[in-house]
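Have a look at the structure below before the remarks.
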Amino acid sequence: MLNYFLQVILFQALCVFIYDTILSKETFFAKNRMYLLSTFVLSFILPLVKVTKIKEVIATEYSFLLPEIILSPQYLIEQQPWYQSINYLLALFILGCLISLSFFVFKLVKILKLIRTNISINKGNYRLILLSDSSQAFSFFNFIFLGETIKETKREEIIQHELVHVKQKHTIDLLVFELLKVFMWFNPMIWMYQQRITLIHEFISDAEVSKNTEKKVYINNLLSEIFQVENISFVNQFHKSSLIKKRIIMITKNKSKQNKQLKFLVVLPVLFIMLCYNSYAQSTEKVNELLEKQETNATMIDENGAFFTGILKKKSYMDILIGPEQPGGKEYSSKQITKEELEEFTAFVRKRKTMSDKVKIFEGDNGRKVLFLNVNELNNAKKKENKKENLIPFSKLDIAPTFPGCSEGDRDCFHKNMRKFVLDNFDFKLANTLDLKKGKTRIYVQFKINKEGSVYDVKARAPHSVLKEHTTEMINKLPVMKPGKHKGKKVKVGYTLPISFEIK
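Following our numbering, the numbering of the sequence shown begins with 110 at its first residue and continues without gaps.
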């Protein structure tokens, strides 16, 4: 999303630069208005457009599956201060939106109040609002606001000027920019676009009115009085001192020659360059995200063979597929793969000693080799292992192990007490002394609860041996529980607990 907004702002900046340096000096006011509005809209569309031929040279798919499967219930325990869980960037964005919205509502209410509290005269195609004790002159949709202190000789000319704004619906242009400022308050280009479109509106109105009025007289009328200015950015004001000089220059400027309209074609190469850049940026961003972060959706299977999704954050040379059907590509032996792939294959097999002869290597659809393990054989092997030790999966127990103080078999109470036990006994600060990579870290600890309710056979997997030892010692301190029951008999229970925390 950040990359999208950066591309939007970049394109808008280029278009404003082209307008200021090439187009703003010409008298094609209607076309300049269309240029500003169309390029502003295009800036939001272009980043979403992809040039297929350019994208084809970039790899589009990198598929990584999790290297292991958790075959027991998972209960994530995280130790994070509340302030670390806040998305400060999102909070800043929302705060900015609320502040911008409050300014917008304040201005809108101010206009509505002027309409409600002043004399209103219906003129057919517009409504004239006479402002008491004021020399303001501006328009908003079909409302023309005119100060009562403005001389009668000036009023008709001002009304004719504002009528051009009304007929050409200039208020809509400004209102669109004003609304976008609420949601994109951080984008300075919206202010720049709004300033330029406001000036174009005045050029258009001046050009229309000066057709029927001698230019010198019209200019003198502009300069003869100092009108009050209403500080509302989405109304068309007859007199605004910061614009007067530019308006006079354009009024007195000779009409641009028709062949100068070719200047508008300069935007075409800019459009093409932006399309190329956007397509390349989108493809590169996707590849970099996968190569650097190595994140992808992956499929895991629980002890019942049910599928659920997870995230992989690990560099790998081979993909892993654990499922009911093998890939359709060419099959390889361990002697036909690279050194790096062989190391990955060996590590994968080592974790599954009882399944070492079942792991196969295939050619994947994306050109990478795939380690394949049949999910049915995996589940059968796990069941045999559990049956050999009379170990019952936690999810299949009739009565779960019971923590001291909990009602018998209360699983929610079991999880809450397990969470509290870890929070009270795990030294989360220890990890920060081990020079580990910053970010989220997980420790997986497997343990069993015997028929007497005691913990035994604790095994931990951690990113550092100190953490592994600390976690093992902690789990061994778990209190004696009431044992789990299955079909009325006390049974041994296997349990896997992931512990997640942040490395600062």
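The C-beta atom is built at its ideal place from N, Cα and C for all residues, glycine as well.
In this text the structure is predicted, and so the values were computed from the model without any measurement.
DSSP assignment within the region 252-298 yields the following whole beta strand (DSSP E) runs of 3 residues or more, N-terminal first: 252-256. DSSP links residue 573 through a beta bridge to no other residue.
Sorting 113, 114, 477, 120 by C-alpha distance to the C-alpha of residue 381 places 120 at the top.
Annotation: residue 141 to residue 132 spans about 7 angstroms, alpha carbon to alpha carbon. Distance from the CA atom of residue 277 to the CA atom of residue 203, rounded to whole angstroms, is 34 angstroms. Residue 199 is classed as exposed because its beta carbon has fewer than 16 other beta carbons within 10 Å across all chains shown. Here residue 370 is exposed: its Cβ has fewer than 16 other Cβ atoms, across all protein chains shown, within 10 Å.
Here residue 441 has 470, 471, 472, 478 as same chain residues with Cβ atoms under 8 angstroms from its own Cβ, once five neighbours each way along the sequence are excluded. Cβ neighbours of residue 575 within its own chain (closer than 8 angstroms, five residues either side excluded): 539, 543.
The beta carbon of residue 508 sits closer than 7 angstroms to the beta carbons of 517, 518, 593, 594 from its chain, once the five residues preceding and following it are set aside; these are given in chain order. In the DSSP annotation of this structure, the continuous segment of the alpha helix (DSSP H) that includes residue 534 starts and ends at 520-534.
Secondary structure at residue 506: coil, using DSSP grouped into helix, strand and coil. By the criterion of a C-beta distance shorter than 6 angstroms, residue 555 is surrounded in its chain by 568, 605, once the five residues flanking it on both sides are discounted. Less than 7 angstroms separates the beta-carbon of residue 481 from that of residue 430. Distances from the CA of residue 588 to each of 373, 537, 248, 514 were compared; the closest alpha carbon is that of 514. Residue 117 and residue 124 have their C-alpha atoms some 11 angstroms from each other.
If you check the CB distance, residue 244 and residue 259 come in under 7 angstroms. DSSP places residue 479 inside the beta strand (DSSP E), whose first and last residues are 478-483. DSSP places residue 607 in the strand class (E or B) of the three-state scheme. Per the coordinates, the alpha-carbon of residue 271 lies some 10 angstroms from the alpha-carbon of residue 310. Within its own chain, the residues whose Cβ lies closer than 8 angstroms to the Cβ of residue 210, once the five positions on either side in sequence are excluded, are 291, listed in chain order.
Of the residues assessed, residue 303 falls on the buried side of the cut-off, its CB having 16 or more other CB atoms within 10 angstroms. Distances from the alpha-carbon of residue 374 to those of 115, 432, 127 put 127 closest. Of 299, 608, 476, the smallest CA-CA separation from residue 536 is found for 608. In the three-state reduction of the DSSP assignment, residue 553 falls in the strand class, which pools E and B. Secondary structure at residue 599: strand, using DSSP grouped into helix, strand and coil. In terms of CA proximity to residue 235, 269 leads the group 269, 223, 221, 356.
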